[in-house]
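Data block below; observations after.
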Amino acid sequence: AAAEKGGWPSFMAKEVAEQPDAVANTIRGRIQGDAVVIPELDGLDELFIGINRVIITACGTASYAALVGKYAIEQWARVPVDVELAHEFRYRDPVIGDDTLVVSISQSGETMDTLMAVKYARERGARTLSVCNTQGATIPRESDAVVYTHAGPEVAVASTKAFSAQITALLLLGLHMGRVRGTLTSAVASDAVAELQSLPEKVAQVLAEETEHVSQLAGWMADTRSVLFLGRHVGFPIALEGALKLKEISYIHAEGFAAGELKHGPIALIEPGQPVFVIVPSPRHSSLVHSKVVSNIQEIRARGARVIVVAEEGDAAVLPYADEVIRIPLTGALFEPLLAVVPLQIFAMALATAKGLDVDQPRNLAKSVTVE
Ligand code: G6P
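Below you can see the structure in the form of structure tokens.
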């Protein structure tokens, strides 16, 4: 087993480090010139034309990738997208039909809840597309089309590189759909393609520049009993994923919130010393959204929170209120999740390690849940 880990202390550490390759491999072969063209979807334009609704269904980490996908598909393909947990989807007579595209996301392709949701969608006449990391798995076989993620085998129970590959695949899918539906200008498409191509290097940069800093921070926080995560826009699903990683492998109570929701409840949780991670969106994309998150930071800081921000390089607005600043390189708004999630994975892993836990085999969890 030590040899399989390639010198890393755990499969999770190895898989976190493999994310630049997971992203690059998922993009490879899917860019033609200035456009995203997914060869597996060749001849399947009818999946995307004439639909008036997309539902993305998944469980666990994959459902947070789905939430990022919602923002991307709505932005680029101009069709409403809902994200549904697979186990909630089919027990309430949902309104779906042949004008609905149901996209399922599953690393294993064997999660029973997700499989049953796909079967249900097909029986109701919906079009089905699977995003999957395992060649020939059951869910892609039950779907009209499949876009494989090419993260390589993922062994650690807590998903990391498969999550990054899922987000990458959904960005590609959004760009592919936008092109097919005619909702994407060539300028937007070529900017997105340039951004996609620079992503593996930027993920590698976060790993190189933040691993030690974040691990040290986790070491200092080994006695922490609760950690909160705030994000807005595509930072919201990343807040949820940061909290899930911490629950899964370090058994610490953690919750992710939409930053705008703070004043509607969660701010009551803030007391002196409470650690809060805040995923700060770039001010270059929306100064309004950025300033709203900065004022959230001020509000929690005023109540004594220990604020750890994940912010883009050069964002100085966060400095007066942050106890710790984790930096990510500049990228497009919809691409930020791929960079912001990395320090949160490292944090969870380092904290679990500091507590002496086995990060690859957390208690009570299975890599793939093949029962309902
Ligand atoms: C299990 C795993 C999670 C994973 C979820 C969905 O609960 O412990 O890490 O996110 O299943 O798995 P899938 O293979 O469908 O992506």
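Quick note: the sequence shown, position 334, residue 578 per full-length UniProt numbering, numbers continuous.
Each residue gets a CB set at the ideal place from its N, CA and C atoms; glycine is no exception.
Exercise. Would the segment 587-595 and the segment 456-463 be scored as touching if the rule is three or more Cβ pairs under 8 angstroms?
Worked result: The segment 587-595 is in contact with the segment 456-463.
Exercise. Would you call the CB atoms of serine 254 and valine 603 closer than 8 angstroms?
Worked result: Here residue 254 refers to the residue found at position 10 when the sequence shown is read from its first residue. Here residue 603 refers to the residue found at position 359 when the sequence shown is read from its first residue. Yes; because the gap between Cβ atoms is below 8 angstroms, this pair is in contact.
For this session: Scan the UniProt domain "SIS" (288-427) and note each continuous alpha helix (DSSP H) run of 4 residues or more that stays entirely inside, going in chain order.
Result: If only uninterrupted alpha helix (DSSP H) runs of at least 4 residues are considered, those enclosed by the UniProt domain "SIS" (288-427) are 305-321, 330-333, 356-367, 382-385 and 405-425.
Exercise. Applying the criterion that 16 or more other CB atoms from any shown protein chain within 10 Å of the CB defines a buried residue, is tyrosine 308 buried or exposed?
Worked result: One-based indexing of the sequence shown puts residue 308 at position 64. Buried, because 16 or more other Cβ atoms sit within 10 Å of the Cβ of tyrosine 308.
Exercise. Quick one: what's got a C-beta closer than 8 angstroms to glutamate 284's C-beta in the same chain, skipping five residues either side?
Worked result: Within the sequence shown, residue 284 is the residue found at index 40, counting from 1. Within the same chain, Cβ atoms closer than 8 angstroms to the Cβ of glutamate 284 are found at Ala389, Val390, Val391 and Tyr392, the five residues on either side in sequence being excluded.
Exercise. Three or more C-beta pairs closer than 8 angstroms, one from the segment 498-518 and one from the segment 541-559: is that the case here?
Worked result: Touching, per the Cβ criterion.
Exercise. Out of Gly509, Glu454, Ile299 and Ala436, which has the shortest C-alpha to C-alpha gap to leucine 329?
Worked result: Numbered from its first residue, the sequence shown carries residue 329 at position 85. Nearest to leucine 329 by alpha-carbon distance, out of Gly509, Glu454, Ile299 and Ala436, is Ile299.
Exercise. Can you tell which of Asp357, Gly475 and Glu454 has the C-alpha that lies nearest to the C-alpha of alanine 302?
Worked result: For this step, residue 302 is matched to residue 58 along the sequence shown. When only C-alpha atoms are compared, the closest one is Asp357.
Problem set entry | Whole-angstrom distance between glutamate 616 and alanine 365, CA atom to CA atom | The sequence position of residue 365 within the sequence shown is 121, counting from 1. The sequence position of residue 616 within the sequence shown is 372, counting from 1. Note on geometry: alpha-carbon atoms of alanine 365 and glutamate 616 lie some 17 angstroms from one another.
For this session: Using three-state DSSP, classify arginine 550 as helix, strand or coil.
Result: Position 306 of the sequence shown, counting from 1, holds the residue named residue 550. The DSSP-derived three-state label of arginine 550 is strand.
Problem set entry | Closest Cα partner of threonine 412 within the set Tyr315, Ile496 and Gln542 | As a position in the sequence shown, residue 412 is number 168, starting the count at 1. It is Tyr315 whose Cα lies nearest to the Cα of threonine 412.
Exercise. With a Cβ-Cβ cutoff of 8 angstroms, do histidine 534 and alanine 577 count as a contact?
Worked result: Counting from one through the sequence shown, the residue named residue 534 turns up at place 290. Counting from one through the sequence shown, the residue named residue 577 turns up at place 333. Not closer than 8 angstroms, so no.
Exercise. How about leucine 345: is its Cβ closer than 7 angstroms to a heavy atom in the ligand G6P?
Worked result: Looking up residue 345 in the sequence shown gives position 101. No, the beta carbon of leucine 345 sits no closer than 7 angstroms to any heavy atom of the ligand G6P.
For this session: Kindly provide the ranges of any alpha helix (DSSP H) runs that are 4 or more residues long and lie completely inside the segment 572-610, ordered along the chain.
Result: Taken in chain order, the complete alpha helix (DSSP H) segments of 4 residues or longer contained in the segment 572-610 are 580-598.
Exercise. Where does isoleucine 293 land, buried or exposed, given buried means 16+ other C-beta within 10 angstroms?
Worked result: For the purposes of this step, residue 293 is identified with residue 49 of the sequence shown, where counting begins at 1. Exposed: under 16 other Cβ atoms inside 10 Å.
Exercise. Name the DSSP bridge partner or partners of isoleucine 541?
Worked result: Indexing the sequence shown from 1 puts residue 541 at position 297. DSSP output for isoleucine 541 lists no bridge partner at all.
For this session: Say whether the segment 430-447 touches the segment 337-345, bearing in mind that this needs 3 or more beta-carbon pairs closer than 8 angstroms, one atom from each stretch.
Result: The segment 430-447 vs the segment 337-345: no contact.
Exercise. Among Glu398, Gln449, Ile482 and Ile275, which residue has its Cα nearest to the Cα of alanine 433?
Worked result: Against the sequence shown, residue 433 aligns to sequence position 189. If we check each option's Cα against that of alanine 433, Ile275 comes out closest.
Exercise. Between glycine 479 and glycine 369, what straight-line distance do the alpha-carbon atoms span, to the nearest angstrom?
Worked result: What you label residue 479 is simply residue 235 of the sequence shown in a count that begins at 1. What you label residue 369 is simply residue 125 of the sequence shown in a count that begins at 1. Spanning the two alpha carbons is a distance of roughly 34 angstroms.
Exercise. Taking 7 angstroms as the cut-off, does the CB of threonine 404 come closer than this to any heavy atom belonging to the ligand G6P?
Worked result: Looking up residue 404 in the sequence shown gives position 160. For the ligand G6P, no non-hydrogen atom lies closer than 7 angstroms to the CB of threonine 404.
Exercise. Using a Cβ-Cβ cut-off of 6 angstroms (strictly less than) and excluding sequence neighbours within five positions of alanine 566, which residues of its own chain qualify?
Worked result: The residue you call residue 566 lines up with position 322 of the sequence shown. The residues are Val551 and Val553.
Exercise. What residues in its chain sit with their C-beta under 6 angstroms from that of threonine 372, if we drop five residues either side in the sequence?
Worked result: Counting from 1 along the sequence shown, the entry for residue 372 is found at position 128. Taken in chain order, the residues that qualify are Val346, Val362, Ala365, Arg366, Ser387 and Asp388.
For this session: Taking the CB atoms as reference points, tell me whether alanine 466 and leucine 595 lie closer together than 8 angstroms.
Result: Here residue 466 refers to the residue found at position 222 when the sequence shown is read from its first residue. Here residue 595 refers to the residue found at position 351 when the sequence shown is read from its first residue. A contact, by the Cβ cut-off of 8 angstroms.
Exercise. Hey, how far is the Cα of asparagine 296 from the Cα of proline 564?
Worked result: Position 52 of the sequence shown, counting from 1, holds the residue named residue 296. Position 320 of the sequence shown, counting from 1, holds the residue named residue 564. It is roughly 46 angstroms from the alpha-carbon of asparagine 296 to the alpha-carbon of proline 564.
Exercise. Less than 7 angstroms between the CB of glycine 422 and some heavy atom of the ligand G6P, yes or no?
Worked result: What you label residue 422 is simply residue 178 of the sequence shown in a count that begins at 1. Here the distance from the Cβ of glycine 422 to the nearest heavy atom of the ligand G6P is not below 7 angstroms.
Problem set entry | As assigned by DSSP and simplified to three states, the class of glutamine 460 | The residue labelled residue 460 in the question sits at position 216 within the sequence shown. Helix at glutamine 460.
Exercise. Does any heavy atom of the ligand G6P sit closer than 7 angstroms to the C-beta of threonine 305?
Worked result: As a working note, residue 305 is residue 61 in the sequence shown. Threonine 305: yes, Cβ under 7 angstroms from the ligand G6P.
Exercise. Roughly how many angstroms lie between the CA atoms of alanine 555 and serine 526, to the nearest whole one?
Worked result: By 1-based counting over the sequence shown, the position of residue 555 is 311. By 1-based counting over the sequence shown, the position of residue 526 is 282. Computed Cα separation, rounded: 7 angstroms.
Exercise. What are the start and end residues of the alpha helix (DSSP H) that includes glutamate 492?
Worked result: On the sequence shown, residue 492 is found 248 positions in, with the first residue counted as 1. Judged by DSSP secondary structure, glutamate 492 falls within the alpha helix (DSSP H) whose first and last residues are 479-494.
Exercise. Candidates Arg334, Ala261 and Ile282: which alpha carbon is nearest valine 447's?
Worked result: Along the sequence shown, one-based indexing puts residue 447 at 203. Checked all of Arg334, Ala261 and Ile282; the closest Cα to valine 447 is Ala261.
Exercise. Can you tell me whether glycine 304 is buried or exposed, with buried defined as 16 or more other CB within 10 angstroms of its CB?
Worked result: Locating residue 304 in the sequence shown gives position 60, where the first residue counts as 1. The residue is buried, with at least 16 neighbouring Cβ atoms inside 10 Å.
Exercise. Thinking just about the alpha-carbon of each residue, which of Ser430, Gly396 and Gln542 is nearest to the one in aspartate 278?
Worked result: Against the sequence shown, residue 278 aligns to sequence position 34. Closest in alpha carbon position to aspartate 278, among Ser430, Gly396 and Gln542, is Ser430.
For this session: Quick one: measure Cβ to Cβ for threonine 427 and arginine 322, integer angstroms, because I've assumed they're closer than 8 angstroms.
Result: Here the question's residue 427 lines up with position 183 in the sequence shown. Here the question's residue 322 lines up with position 78 in the sequence shown. The Cβ separation is near 4 angstroms, so the contact holds.
For this session: Confirm, please, whether the CB-CB distance from leucine 609 to valine 375 is below 8 angstroms.
Result: Counting from one through the sequence shown, the residue named residue 375 turns up at place 131. Counting from one through the sequence shown, the residue named residue 609 turns up at place 365. Against a cut-off of 8 angstroms, the Cβ pair of leucine 609 and valine 375 comes out as no contact.
Exercise. For glutamate 568, which three-state DSSP category applies?
Worked result: The residue you call residue 568 lines up with position 324 of the sequence shown. The three-state reading of DSSP puts glutamate 568 in strand, counting E and B together.
Exercise. What is the DSSP secondary structure of histidine 497, reduced to helix, strand or coil?
Worked result: To locate residue 497, count along the sequence shown from 1; it is residue 253. In the three-state reduction of the DSSP assignment, histidine 497 falls in the strand class, which pools E and B.
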